[in-house]
Amino acid sequence: GFFYAWVCSTMWGLDSIDPRAAITAMNGMNASVRNGVFAPAFFGTPVALGATALVALATGRRDLALLFGAAAGLYLAGAFAVTLVVNVPMNRALLAIEAPADIEAARAIWTDYSSRWQGFNQLRTLVSGAVLLLTGWGLARLRARP
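Quick note: the sequence shown uses my numbering, first residue 180, plus one each step.
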């Protein structure tokens with residue numbers, strides 16, 4: 180849900196305003212996301228899914244272990260790693276740039292940043308949706324046969 184919110188509202192809103200303000204606002208949001216509310220959801224997701232897969236395996240539920248393990252691996256590769264390897268470095272690079280006073284220079288910076296950032300964020304969103312489906316499938320199988 181977190182990545183999806185950026186897809187369908189936040190970035191569209193930033194793209195619609197003065198690019199100098201968009202750069203400043205994005206830098207502010209990137210600074211504020213590093214907090215105790217976001218961290219457990221972002222860092223805890225692969226841990227919880229991996230632990231669930233191990234418990235399922237230990238209790239003889241190989242089917243569930245595969246689903247939860249696949250969800251953990253997919254999240255690690257397609258959301259977690261993409262964030263750390265692509266989006267965070269892009270955020271740091273944007274922070275290092277002082278928003279130019281010239282609106283056209285700012286627009287060039289923002290347009291380049293926003294289009295690339297959004298592409299990778301859409302990937303994270305799709306992967307997170309697939310992780311949710313795998314997790315839901317695992318929970319449904321557990322409920323059908325405890």
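From the three backbone atoms N, C-alpha and C, an ideal C-beta is built for every residue, glycine too.
By DSSP, does residue i sit in helix, in strand, or in coil?
{"i": "Thr189", "result": "helix"}
{"i": "Asp197", "result": "coil"}
{"i": "Arg303", "result": "helix"}
{"i": "Arg241", "result": "helix"}
{"i": "Asn206", "result": "helix"}
{"i": "Ile288", "result": "helix"}
{"i": "Pro279", "result": "coil"}
{"i": "Pro325", "result": "coil"}
Give a yes or no on whether the C-beta atoms belonging to residue i and residue j are separated by under 7 Å.
{"i": "Leu273", "j": "Ala251", "result": "no"}
{"i": "Gly317", "j": "Leu243", "result": "yes"}
{"i": "Arg286", "j": "Pro198", "result": "yes"}
{"i": "Val226", "j": "Gly257", "result": "no"}
{"i": "Leu253", "j": "Val310", "result": "yes"}
{"i": "Leu313", "j": "Ala230", "result": "no"}
Nearest by alpha-carbon distance to residue i: which of the options is it?
{"i": "Arg295", "options": "Ala184, Phe181, Asp194, Gly248", "result": "Asp194"}
{"i": "Ile282", "options": "Thr238, Ile202, Arg240", "result": "Ile202"}
{"i": "Ala184", "options": "Gly308, Gly248, Thr290", "result": "Gly308"}
{"i": "Asn209", "options": "Met190, Leu311, Thr290", "result": "Met190"}
{"i": "Tyr339", "options": "Ala323, Asn266, Gly192", "result": "Outside the shown range of the chain (180 to 325) lies residue 339, about which nothing can therefore be said."}
{"i": "Arg324", "options": "Leu313, Ala249, Gly239, Val264", "result": "Gly239"}
{"i": "Asn206", "options": "Gly192, Leu236, Phe259, Ile276", "result": "Ile276"}
{"i": "Phe222", "options": "Ser211, Ala237, Leu263", "result": "Leu263"}
Apart from the five residues on each side of it in sequence, which residues of its chain come closer than 7 Å, Cβ to Cβ, to residue i?
{"i": "Ile196", "result": "none"}
{"i": "Gln301", "result": "Val186"}
{"i": "Val261", "result": "Phe299, Leu302, Arg303"}
{"i": "Ala278", "result": "Arg199, Ile202, Thr203, Ala285"}
{"i": "Trp289", "result": "Pro198, Ala201, Ile202"}
{"i": "Phe259", "result": "Pro225"}
Please go through the same chain and pick out, in chain order, the residues whose beta-carbon is closer than 8 Å to the beta-carbon of residue i, but skip the five residues on each side of it.
{"i": "Ala220", "result": "Phe181"}
{"i": "Arg320", "result": "Asp242, Leu243, Leu246"}
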